[in-house]
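Inspection log for the structure reproduced underneath, given as structure tokens.
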Amino acid sequence: MEKQKISNFHTHTHLCHHATGKPIDYVRIAKEQGCSELGFSDHCPYPDLQEINWINCRMSVDQIEEYKNDILEAQKEADFKVHIGFECEYDRNYVSWYRDELKGHYGAEYLVFGPHWATYGDIHPYAPEFKHDKKLLALYTDQVVEGIGSGLYSILAHPDLFMSGWHEWDDEAKACLTAILNAAKDKDLPLEVNGLGIYRGYIETSRGPRLGYPYHEFWEMVAASGARVICDSDAHNPNDVISHARNSRNFAKEFGIVPIESIFS
Ligand SMILES: [Zn+2]
Ligand SMILES: [Zn+2]
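Numbering (the working numbering), first residue to last: 1310 to 1574.
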């Protein structure tokens, strides 16, 4: 039996230096694996590269045209809609960059909010490496909630990413994910079940092995809240583009969650 076609709005390309494949490679495999709609959301460039640990994982500004052209080229081979977007952090100093340049001038159809880091002065601690630093998690929470409130984004990627390094389901973790869930629900911003997290697999904790992220208890909360959910692959390899998005849907199904299939309808 032919598998049901599904969408994916979280897709990277070789331009970010830690993914492989061009848009055409993703489109070809998406077609084979059964795709209804595909969005590219490679890590966004920044107009200056002072952000030391943000540099090596993204394209440069002068590669945006190549990115767009490659996506337009790939669209020709697709029998489904293909969209251009970016995955961005949230830094209040770059709001006009995200809104007026990436969405305005460069014509991105959507932005994915990828809260990978806390911004702490000019350093950016990585969310899975907070090492149970409660102050850092509180700062991160405030920044993610502010980012959600900015209205810039169409998807909140891997909201529970930090849980891959925060092994306890303690008051701080609960407070963080409750605040993020409430903010997303207020804005009607879809929360993403991330297929890359499922692929990365299990970690050891004092309560035994569990997925680093998506984090089981959080998705129980999401299911109970009735917030909107989207299931994406976060593909960094063409082979994963739809298969990982199917894994996300299977995960959501365990909680009785019915994900949205498009951010454009
Ligand atoms: Zn990436
Ligand atoms: Zn991503």
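Glycine included, C-beta positions come from ideal geometry on N, C-alpha and C.
Express the C-alpha separation of D1479 and L1510 in angstroms, rounding to a whole number. Inspection of the sequence shows that residue 1510 is occupied by Gly rather than by Leu. Taking the straight line joining both Cα atoms gives about 21 Å.
Heavy atom of ligand 2 within 7 Å of A1466 beta-carbon: yes
Among K1562, E1563, G1565 and P1547, whose alpha-carbon lies nearest the alpha-carbon of L1347? P1547
I need the straight-line Cα distance from V1279 to S1574, nearest angstrom please. In the structure displayed, the chain extends from 1310 to 1574; residue 1279 sits before or after that span and is not available.
Does the beta-carbon of E1401 have 16 or more other beta-carbons within 10 angstroms, so that it is buried, or is it exposed? Correcting the residue identity first, residue 1401 is Arg in this sequence and not Glu. When all chains shown are included, R1401 counts as exposed.
Tell me K1331's beta-bridge partners as DSSP assigns them. Answer is none; K1331 lacks a bridge partner.
How about P1568 and R1558: are their beta carbons less than 8 Å apart? yes
So does the stretch 1445-1464 actually touch the stretch 1472-1486, counting three or more Cβ pairs closer than 8 Å? yes
Mind checking whether the beta-carbon of H1321 lies closer than 7 Å to any heavy atom of ligand 1? yes
Beta-carbon proximity list for E1386, same chain, < 7 Å, skipping 5 on both sides: I1333, V1336 and R1337
Could you check whether H1441 and W1406 sit closer than 8 Å to each other, using their CB atoms as the reference points? no
So, under 8 Å CB-CB, I1315 and I1539 are touching, yes? Tell me the CB distance rounded to an integer number of Å. Contact doesn't hold; Cβ gap of about 11 Å is too wide.
Work out the CA separation of S1571 and D1549 for me, nearest whole Å. 19 Å
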